[in-house]
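Asker:
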Amino acid sequence: MKLYNTLTKREEEFKPIEEGKVRMYVCGPTVYNLIHIGNARPMILFDTVRRYFEYKGYEVSYVSNFTDVDDKIIAKAIEEGSTSEEVAERYIEECKKDMAAMNVRPATVHPRATQEIDGMIEMIRTLIDKGYAYPAEDGTVYFRTRKFDGYGKLSHKNIDDLEGGHRSIQVTGNLKEDPLDFVLWKPKKEGEPYWESPWCQGRPGWHIECSVMSKKYLGDEIDIHAGGEDLVFPHHENEIAQSEAANGKPFAHYWMHNAFLNIDNKKMSKSLGNFFTVRDIQEKYDLQVLRFFMISAHYRSPLNFSDELMEAAKNGLERILNAADMLRRHMEKPEDALLEGEAEVLAGTDAFVGKFEASMEDDFNTADAVSAVFELVKYINTSLKEDSSRALAEGFYQKLQMLCDILGIIIERKEEVLDEEIEALIAARQEARKAKDFAKADEIRDKLKDMGILLKDTREGVTWTRA
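First residue of the sequence shown? That's 9 in the numbering used here, and the numbers climb one at a time after it.
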């Protein structure tokens, strides 16, 4: 299995630290609002990576945090007249609902920054003792960026160029020894939540949180650290500096970063009016469509979100679901074994499983993996005949479900309840067909179509979908 390592800028063969196990840390959201579709991309993509590792037999320890203390959370609490804790708790629960709706499985552990303060203080103390950090007069603790020899190795930035060209690393204030030093601990401001520390009443800097939570739940060295490409610098660069300086070991062996998500070829922003939460999308689409849209592109490719592309994803997903529906109807036949020649037909699916696996093992190329699923669907549609055995349908279904499960795609449709009027119209059309009043049957079909209900007559009976 090969994956692209941001650290080395090349594809590398994956070799776990411990045979048969994967330790994986993925940066989670800051919980001050409902998650947006930019948050959704890494959630979906790295959940898919995890699923594939598990399919290959690895035991995956998957840690994804919630940042529940932050300037934006504090601002939201002030705006609402509530507390940071109340804001964070509410949006963590809402985030979990959205993750479930996108079929993103819960992490092995979802640590919260506010519950790991003692560990952060301990790591900061270690960094001070080793000379990598220092407290300023006001109680702020800074990391000595230049003291860490490997600084810049993830983002491939030269530290001597940072001061002039990359101000994003710098923190305002004149108490630092060097303009490039970044904050590990900062004093409280009036009305802010705070914790006691040896240096002052305050709270941790953002970067130290992930270093500590990764260490606690996965150990000093981890296999994979992942997140959006916007986190490479300075967040992940600073994580490496803190973790390796404190622990004296390599931090993460492989770094995976997903590319940006644009909206109609523009960067998503509230000022442009193209900012969408996952809930906004859910008003128009089942979130399985959003997941299918996300995995239809390679994770390192920029992804453009538009109504046209979402409709294409909806139609693509529908092809898969229709094949699954057909197989389930065929599986209602009386029990029987494979007929003559069907074992070879079923064995023909192995080629598509092979293509799927080859795609996933080539830097988790979900776009090509989806293509392999479509090829399998086409094979199923052309191979399953009216007189095919139930056993063949079951074999096809098992293969289709196996591959879709890895992608997080649910092939069993949600049971939808139609209102009484629509149910009555469908029943009336069936009666008209039995009475051979096809004109009335067609009239009812057209009326249902105008109501957004599409009917399909099959040998097993009538089925319907929403337009």
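Every residue gets a Cβ at the ideal spot worked out from N, C-alpha and C, and that includes glycine.
Here the structure is a predicted model, which is why all the values come from computation and not from measurement.
Please confirm whether Ala141 and Leu183 have their CB atoms less than 7 Å apart.
Answerer: Position 133 of the sequence shown holds residue 141. Position 175 of the sequence shown holds residue 183. No; because the gap between Cβ atoms is not below 7 Å, this pair is not in contact.
Asker: Is the separation between the beta-carbon of Ile328 and that of Val378 shorter than 7 Å?
Answerer: In the sequence shown, residue 328 corresponds to position 320, counting from 1. In the sequence shown, residue 378 corresponds to position 370, counting from 1. Cβ atoms of Ile328 and Val378: not closer than 7 Å.
Asker: In the DSSP assignment, find the alpha helix (DSSP H) that holds Thr466 and state where it starts and stops.
Answerer: Position 458 of the sequence shown, counted from the first residue, corresponds to residue 466. Residue range 461-466 is occupied by the beta strand (DSSP E) that includes Thr466, with no alpha helix (DSSP H) assigned at that position.
Asker: Is the beta carbon of His233 sitting closer than 7 Å to the one on Ala267?
Answerer: For this step, residue 233 is matched to residue 225 along the sequence shown. For this step, residue 267 is matched to residue 259 along the sequence shown. Against a cut-off of 7 Å, the Cβ pair of Ala267 and His233 comes out as no contact.
Asker: Any beta carbon of chain C sitting closer than 7 Å to that of Tyr293?
Answerer: Of the protein chains in this structure there is only one, and it is not chain C.
Asker: Mapping DSSP to helix, strand and coil, what is Ser309?
Answerer: Numbered from its first residue, the sequence shown carries residue 309 at position 301. Shown here, Ser309 sits in coil according to DSSP, grouped into three states, outside any helix or strand.
Asker: Just to confirm the assignment, what range does the beta strand (DSSP E) spanning Ser205 have?
Answerer: Residue 205 sits at position 197 when you count from the first residue of the sequence shown. From DSSP, Ser205 is part of no beta strand (DSSP E); its letter is neither H nor E.
Asker: Where does Asn273 land, buried or exposed, given buried means 16+ other C-beta within 10 angstroms?
Answerer: Taking the first residue of the sequence shown as position 1, residue 273 is located at position 265. Asn273 should be labelled exposed.
Asker: Does the distance from the CB of Thr122 to the CB of Asp78 come in under 7 Å?
Answerer: What you label residue 122 is simply residue 114 of the sequence shown in a count that begins at 1. What you label residue 78 is simply residue 70 of the sequence shown in a count that begins at 1. Contact: no.
Asker: Does DSSP put Arg18 in a helix, a strand or coil?
Answerer: Translated into the one-based positions of the sequence shown, residue 18 becomes position 10. DSSP places Arg18 in strand when its eight states are reduced to three.
Asker: Please determine, among Gln409, Thr75, Gly160, the residue with the shortest C-alpha to C-alpha distance to His118.
Answerer: In the sequence shown, residue 118 corresponds to position 110, counting from 1. The shortest C-alpha separation from His118 is found at Thr75.
Asker: What does the alpha-carbon distance come out to for the pair Tyr12 and Glu340?
Answerer: Here residue 12 is taken as the residue at index 4 of the sequence shown, counted from 1. Here residue 340 is taken as the residue at index 332 of the sequence shown, counted from 1. Their Cα atoms are separated by approximately 45 Å.
Asker: Where do the ends of the alpha helix (DSSP H) carrying Lys257 lie?
Answerer: Locating residue 257 in the sequence shown gives position 249, where the first residue counts as 1. Note, Lys257: premise wrong, no alpha helix (DSSP H); not H, not E.
Asker: Which one of Val34, Glu291, Glu237 has the shortest CA to CA distance from Thr14?
Answerer: Within the sequence shown, numbered from 1, the residue matching residue 14 stands at position 6. It is Glu237 whose Cα lies nearest to the Cα of Thr14.
Asker: Between the C-alpha atoms of Ser176 and Asp157, what's the straight-line distance to the nearest angstrom?
Answerer: The count along the sequence shown starts at 1 and reaches residue 176 at position 168. The count along the sequence shown starts at 1 and reaches residue 157 at position 149. Confidence in Ser176 is poor, its pLDDT being 46 and thus under 50, which makes the residue's placement too unreliable to answer from.
Asker: From Thr91 to Ile81, what distance separates their C-alpha atoms?
Answerer: Here residue 91 refers to the residue found at position 83 of the sequence shown. Here residue 81 refers to the residue found at position 73 of the sequence shown. The alpha-carbon atoms of Thr91 and Ile81 are separated by roughly 9 Å.
Asker: For Thr466, does the count of other Cβ atoms within 10 angstroms reach 16, so buried, or fall short, so exposed?
Answerer: On the sequence shown, position 458 is the one that residue 466 refers to. Thr466 should be labelled exposed.
Asker: Would the beta-carbon of Met131 fall within 7 Å of that of Ala254?
Answerer: Walking along the sequence shown from the start, residue 131 turns up at place 123. Walking along the sequence shown from the start, residue 254 turns up at place 246. Yes; because the gap between Cβ atoms is below 7 Å, this pair is in contact.
Asker: DSSP state of Leu298, grouped into three classes?
Answerer: Counted from its first residue, the sequence shown places residue 298 at position 290. DSSP places Leu298 in helix when its eight states are reduced to three.
Asker: Short of 6 Å in beta carbon distance, which residues of its chain neighbour Met9, apart from the five on each side in sequence? Order them along the chain.
Answerer: In the sequence shown, counting from the first residue as 1, residue 9 sits at position 1. Same-chain partners within the cutoff: Phe22, Glu369.
Asker: For the alpha helix (DSSP H) holding Met32, just list the boundary residues, first then last.
Answerer: If you number the sequence shown from 1, residue 32 lands on position 24. Run containing Met32: none in the alpha helix (DSSP H); it sits in the beta strand (DSSP E), 29-34.
Asker: How would you write the range of the beta strand (DSSP E) that Lys194 sits in, first residue to last?
Answerer: The residue you call residue 194 lines up with position 186 of the sequence shown. Unbroken beta strand (DSSP E) run through Lys194: 190-195.
Asker: DSSP state of Ile216, grouped into three classes?
Answerer: On the sequence shown, residue 216 is found 208 positions in, with the first residue counted as 1. DSSP places Ile216 in helix when its eight states are reduced to three.
Asker: Among Tyr307, Ile388, Ala375, Glu350, which has the Cα closest to the Cα of Ala332?
Answerer: On the sequence shown, residue 332 is found 324 positions in, with the first residue counted as 1. Checked all of Tyr307, Ile388, Ala375, Glu350; the closest Cα to Ala332 is Ile388.
Asker: Give a yes or no on whether the C-beta atoms belonging to Val71 and Leu226 are separated by under 7 Å.
Answerer: By one-based count along the sequence shown, residue 71 stands at place 63. By one-based count along the sequence shown, residue 226 stands at place 218. Going by C-beta atoms, Val71 is nearer than 7 Å to Leu226.
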